[in-house]
Every structure is written in structure tokens, then in C-alpha cells.
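A.B. asks: Before anything else, here's the structure in question.
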């Protein structure tokens, strides 16, 4: 083996990536070549230095990343080809997120704090996760005063008839960073839609929530009020403007149950004019046929 | 399915066969998916953090990689190992990020720490050289040179080097992850070490 070949194989030798025959030839060359032996020593030193400069992610980062991932997954539709398509398109109810995802909800703010505010100082100092140092004040005695804001968990228990519980749940329907929390809150509130506040929260969720699962839950809660002009008006807007075919399909079903045919023919015909989804179009066509209205002349 | 879920709850899921976890996760077992995430996510984060030197960017890669795994796991057919598949996703995301930086010339050579932005090499433990001025001087200069040498590598050379040196992956697996041959990965590693030796010639 010549020195130039030995130098080419040297990095692979260091990482144990040489074939046995090449390794044997390399070592035989090394035995007889002081220059290559020195070069190999240099390679070993370089590897040692490179080990020394390796960086580990900051303390707490892995946990924060896992928490954020759980939260994001909670907002993801369940994948799975045809089954997923059927569920996304036809399912009436979207089940609540799994428990481990729900448990992540309270920790989302921790993750946001970590990546937003570089919050690993307090945890390194042994403070509670979520703590934030706000003021640092040197004192004459040589001591230092550090003011820390801490986030504390409070637990509320009660029924849906309890005002504080209702308010908290309504507030949770607007928790933008946590779709699992929004789904669960809407699912609970929809069983008690007599309150105007709750109905407004569901209407808001149906019109503006970015997650189709939340919108479907809100629609489910509002369907019994579909006879009311305000709610039906919202349904019409959702039917013509919602981005999810599953939601649009479900709105058609709810509206059909109300038998307000004359009023809805125009909306369905407008939908036919703009609807890109073939299954929603089929459903809409069937609805118009059931009303003895034309699906063509609009 | 029930067994997988129960095992996940009791923590014994880590000892489960990886293939069983994948199959359970493919059927919608969320706890199996979480256990699958935890098999490699420490290495994923470390790889992204070392390559990108930014907590935000590394977290972005972490999130996007596992979201893609979640969305596409149902299509995983065991044609390669799960780790290879995962690393293929992660390395592609990291390479994209590195290339974007090259284009934007945003590579600052700094790393974010709790104390703010520090030069990557300066952020290494100082105590090694502490108390020995001559060694400290050498150490600081060496760190700078290593940092420059790493930055001078192409994104692909950097990736191969990172996976081989810090993650102990075999070159064949690296080649599979990067969608190239073992031979190409070998050449990449050779070029990377040559460049570093050239840059650090005075020290090596």
C-alpha cells in the first residue's frame, strides 16, 4: 500500500468502516511507515477535539419539544388512507383526543415559554417549570434580590350549571394553541346550549375555529337550533365558506332535517355553483332532488 | 392493541419490539406512537441542534419530522428500518435548513444559550483550559478553527460527518438515509475529514 492510499483510507479506518482485507493492508503499511503513523495520531487528536466541541441541546428542550409535539398531534387528523378519508369526510362526531394528548394541554404554555422566552434559566436554578425571572436587584450588602414570577396550577370542579365552570369552558373554546382542549370544551358545552353565552361560543367556534373537528362538534351542538333564523343563517354561510368538505357535508344533512326547503334551495344551488368536492356535490344534488328543485338551473 | 396500550402506560413499552410499536401506531394506537417517538427523538433533537445551532430551528425540524412521520406512518412498509426512514426525513429537513442558510448567508457561527448568543466554540466548557493561559489561548484558537472548518463543509459533508462521528451511524445507513450510496457517503466523509485536517493543519 502506498502512502496516498493509506491517507485516503485513514478516516474510514478510524471509524471502523474498512473492509477486513483493507484494514489488514492498512495496518501493515502503518507498521512500516512512521509518517502515516503520525498522521493517524493527528487524526485521533482531531477526533478527540471534535468530540469536545459537540453541543448538547439545552436542558429541558427535549421535554418542551415533546410537549409541543403532543399538542400539534392533537390537532392532526388521524392518518390512514381510506379510513381517514371516510372519517374526515363523513364522520359526524370527532372523538376527543387521546388522554396523553389532553394531558399535554396544560404544558403547552411551558413549551411556548421555552422557545419563546429562552426560559431555561429558572429550571437550571431549581425553580418550578414555567417560572420567569422578572427583576434582578443588587443590594448594598453584596446580596442580590431576584424576583420570580411563577405559574401555578388551580383546579376547578363543578357542573356545567356552575357559572365559573361555564366561563372557563367558554374561554377554553378560544384557546388557539390547543385544538384538543377546544374540541373537548365544545363537546362539553354543546350539551347545554340553552345559554346564550354558550350558543354564541359555539357559533363562534363553527365560524372561526381553524380545526374542522372543533367545527363539527360546534355544529352538532347547534343543530337543534337550526330552526332559528340566526343559526340557519350561520349554517348557510358555513356551507358556502367552510374549507372542510366534511363540515359542508354535515351542514347539508342538518339543514335537510329542518325542512325549510324554500329558503334553502337558493343556498344549495349556490353551493352547486361553487362546490369543488364531488361527494359534497352529490349530497347537494340529492338534497335539491328531494326538494323537487333543479340542480342544473341556478 | 390493548396490550400495547397497557405496556405504554406501565413504561414497559420501551422494551417492546420496534416493529410491534410501528404496527400498533399504524392502527391508531397513540401511546404506541408516542413510545415510537421516544425511541429516537433525543438523537433527532441532538442532530438538529448540532447542525443548526439554534434551539428554535432544531425544534422546528423536530416538530416537522415527527408530524411527517405521523402523517405517513400508515404508508411505512418496512422496506427499510424505521430509524433509516426517520433519519431520511430529519436529514432532508436539516439539509434544507442548512441550504437556506447558505443562500441567505445567515450562518453566524453563534449558538443560542441561556445567556444569549455565543460563538459555538466559546460555548464549550471553559474549565478545560482554565488556569493555564497558554493552553487556554490554544484552546480558544482551536475552537475557532474547528468552528470555521465545520462551517466550510458543504451541507451534505457536514451531515455525513455529523451522523458518522457524533451518532455512530454506519456509512451504509447514512447513505440510505441520504438517498445515496455507501460509496458516496464514504467520499463525503473523506472530503470532510480532509477539509478539517487542512484547516487544522497546525494543530493536527
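Protein chains in written order, with our numbering: chain Z, 3 to 300; chain F, -6 to 197.
Backbone N, C-alpha and C fix where the C-beta goes; we use that ideal spot for every residue, glycine too.
What does residue 137 (chain Z) pair with, by DSSP beta-bridge criteria?
C.D. replies: In the DSSP output, where bridge partners are listed per residue, residue 137 (chain Z) has Z:149.
A.B. asks: Count the C-beta pairs between the stretch 34 to 54 of chain Z and the stretch 21 to 28 of chain F that are closer than 8 Å, then say yes if the count reaches three, no if not.
C.D. replies: No, the stretch 34 to 54 of chain Z does not touch the stretch 21 to 28 of chain F.
A.B. asks: For residue 187 (chain Z) and residue 153 (chain F), what's the separation of their Cα atoms in angstroms?
C.D. replies: Taking the straight line joining both Cα atoms gives about 47 Å.
A.B. asks: Mapping the DSSP letters down to three states, classify residue 89 (chain Z) as helix, strand or coil.
C.D. replies: With a pLDDT of 43 at residue 89 (chain Z), under the threshold of 50, the modelled position of this residue cannot be trusted; read the value that follows with caution. Three-state DSSP puts residue 89 (chain Z) in a helix.
A.B. asks: Are the Cβ atoms of residue 223 (chain Z) and residue 195 (chain Z) separated by less than 7 Å?
C.D. replies: Contact flag set, yes.
A.B. asks: Among Z:214, Z:79 and Z:44, which one has its Cα closest to the Cα of residue 248 (chain Z)?
C.D. replies: It is Z:214 whose Cα lies nearest to the Cα of residue 248 (chain Z).
A.B. asks: Can you tell me whether DSSP reads residue 33 (chain Z) as helix, strand or coil?
C.D. replies: Helix.
A.B. asks: Contact check, residue 185 (chain F) vs residue 137 (chain F) under 8 Å by CB: the rounded distance?
C.D. replies: In fact, because the Cβ distance is near 18 Å, the residues do not count as touching under 8 Å.
A.B. asks: Rounded to whole angstroms, what is the Cα-Cα separation between residue 24 (chain Z) and residue 146 (chain F)?
C.D. replies: In a straight line, the C-alpha of residue 24 (chain Z) is about 27 Å away from that of residue 146 (chain F).
A.B. asks: Between the C-alpha atoms of residue 76 (chain Z) and residue 162 (chain Z), what's the straight-line distance to the nearest angstrom?
C.D. replies: If you take the alpha carbons of residue 76 (chain Z) and residue 162 (chain Z), they lie about 24 Å apart.
A.B. asks: Any residues in the stretch 135 to 152 of chain F with a beta carbon nearer than 9 Å to a beta carbon of chain Z? Which ones, in chain order?
C.D. replies: Per Cβ criterion, the list reads 135, 136, 139, 140 and 143.
A.B. asks: Could you tell me whether the Cβ of residue 48 (chain F) comes closer than 7 Å to any Cβ of chain Z?
C.D. replies: Interface residue, yes.
A.B. asks: Does the beta-carbon of residue 141 (chain Z) have 16 or more other beta-carbons within 10 angstroms, so that it is buried, or is it exposed?
C.D. replies: It is exposed - the Cβ of residue 141 (chain Z) has fewer than 16 other Cβ atoms within 10 Å.
A.B. asks: Quick check: the Cα distance between residue 66 (chain Z) and residue 59 (chain Z), rounded to an integer number of angstroms?
C.D. replies: Residue 66 (chain Z) and residue 59 (chain Z): Cα-Cα distance of roughly 11 Å.
A.B. asks: Taking its Cβ as the centre, do 16 or more other Cβ atoms sit within 10 Å of residue 179 (chain F), making it buried, or is it exposed?
C.D. replies: Per the 10 Å Cβ criterion, buried.
A.B. asks: Taking the alpha-carbon positions, what's the residue 188 (chain F) to residue 144 (chain F) distance?
C.D. replies: Going by the C-alpha atoms only, they are around 11 Å apart.
A.B. asks: For the pair the stretch 250 to 257 of chain Z and the stretch 220 to 238 of chain Z, tell me if three or more CB-CB distances fall below 8 Å.
C.D. replies: A contact exists between the stretch 250 to 257 of chain Z and the stretch 220 to 238 of chain Z.
A.B. asks: When burial is assigned at 16 or more other CB atoms within 10 Å of the CB, is residue 286 (chain Z) buried or exposed?
C.D. replies: Buried, by the Cβ-count rule.
A.B. asks: In the stretch 60 to 75 of chain F, which residues sit with their C-beta less than 9 Å from some C-beta in chain Z, listed in chain order?
C.D. replies: Against chain Z - using a Cβ distance shorter than 9 Å - the residues of the stretch 60 to 75 of chain F are 60, 63, 64, 65, 66, 67 and 68.
A.B. asks: Please work out which residues of its chain come closer than 7 Å, Cβ to Cβ, to residue 204 (chain Z), disregarding the five sequence neighbours upstream and downstream, and give them in chain order.
C.D. replies: Hits under 7 Å: 188, 191, 192, 195, 220, 223 and 224.
A.B. asks: Excluding the five sequence neighbours on either side, which residues of its own chain have a C-beta within less than 8 Å of the C-beta of residue 38 (chain Z), listed in chain order?
C.D. replies: 5, 8, 9, 12, 31 and 32, listed in sequence order.
A.B. asks: Quick one: grab the DSSP three-state call for residue 10 (chain F).
C.D. replies: Residue 10 (chain F) falls in the coil class under three-state DSSP.
A.B. asks: Under a three-way DSSP split, which group does residue 294 (chain Z) fall into?
C.D. replies: It is coil, neither helix nor strand.
A.B. asks: Using DSSP with H/G/I as helix, E/B as strand and the rest coil, what is residue 199 (chain F)?
C.D. replies: Absent from the model: residue 199 (chain F). The displayed extent of chain F is -6 to 197, so no value can be given.
A.B. asks: Is it right to say residue 69 (chain Z) is buried, meaning 16 or more other beta carbons lie within 10 angstroms of its own, or is it exposed?
C.D. replies: Flag for residue 69 (chain Z) reads buried.
A.B. asks: Based on Cα-Cα distance, which residue from F:17, F:68, F:41 and F:74 lies nearest to residue 88 (chain F)?
C.D. replies: Among F:17, F:68, F:41 and F:74, the Cα nearest to that of residue 88 (chain F) belongs to F:41.
A.B. asks: In three-state DSSP terms, what is residue 157 (chain Z)?
C.D. replies: If DSSP states are grouped into helix, strand and coil, residue 157 (chain Z) belongs with coil.
A.B. asks: Quick check on residue 2 (chain Z): does DSSP put it in helix, strand or coil?
C.D. replies: Summary: the structure shown does not reach residue 2 (chain Z), with chain Z confined to residues 3 through 300, and so no result is reported for it.
A.B. asks: Please confirm whether residue 164 (chain F) has its beta-carbon closer than 7 Å to some beta-carbon of chain Z.
C.D. replies: Answer yes: the Cβ-Cβ gap between residue 164 (chain F) and chain Z drops below 7 Å somewhere.
A.B. asks: Leaving out the 5 sequence neighbours to the left and right, which residues in its chain are closer than 8 Å to residue 79 (chain F) when beta-carbon positions are compared?
C.D. replies: These residues qualify, in order along the chain: 33, 37, 58 and 62.
A.B. asks: Quick test of your reading: residue 209 (chain Z) and residue 185 (chain Z), contact by CB under 8 Å. State the CB separation rounded to the nearest angstrom.
C.D. replies: Going by Cβ atoms, the distance from residue 209 (chain Z) to residue 185 (chain Z) rounds to 16 Å, so no, they are not a contact pair.
A.B. asks: Taking buried to mean at least 16 other C-beta atoms within 10 Å of its own C-beta, is residue 237 (chain Z) buried or exposed?
C.D. replies: Under this definition residue 237 (chain Z) is a buried residue.
A.B. asks: Using a beta-carbon distance cut-off of less than 8 Å, what residues from the stretch 64 to 83 of chain Z approach chain F?
C.D. replies: Listed in sequence order: 64, 66, 67, 68, 70, 71, 72, 74, 75, 78, 80, 81, 82 and 83.
A.B. asks: According to the neighbour-count rule (16 or more other Cβ atoms, all chains shown, within 10 Å of its Cβ), is residue 71 (chain F) buried or exposed?
C.D. replies: By the 10 Å Cβ count, residue 71 (chain F) comes out exposed.
A.B. asks: Are the beta-carbon atoms belonging to residue 29 (chain F) and residue 18 (chain F) less than 7 Å from one another?
C.D. replies: In contact: residue 29 (chain F) and residue 18 (chain F) (Cβ atoms closer than 7 Å).
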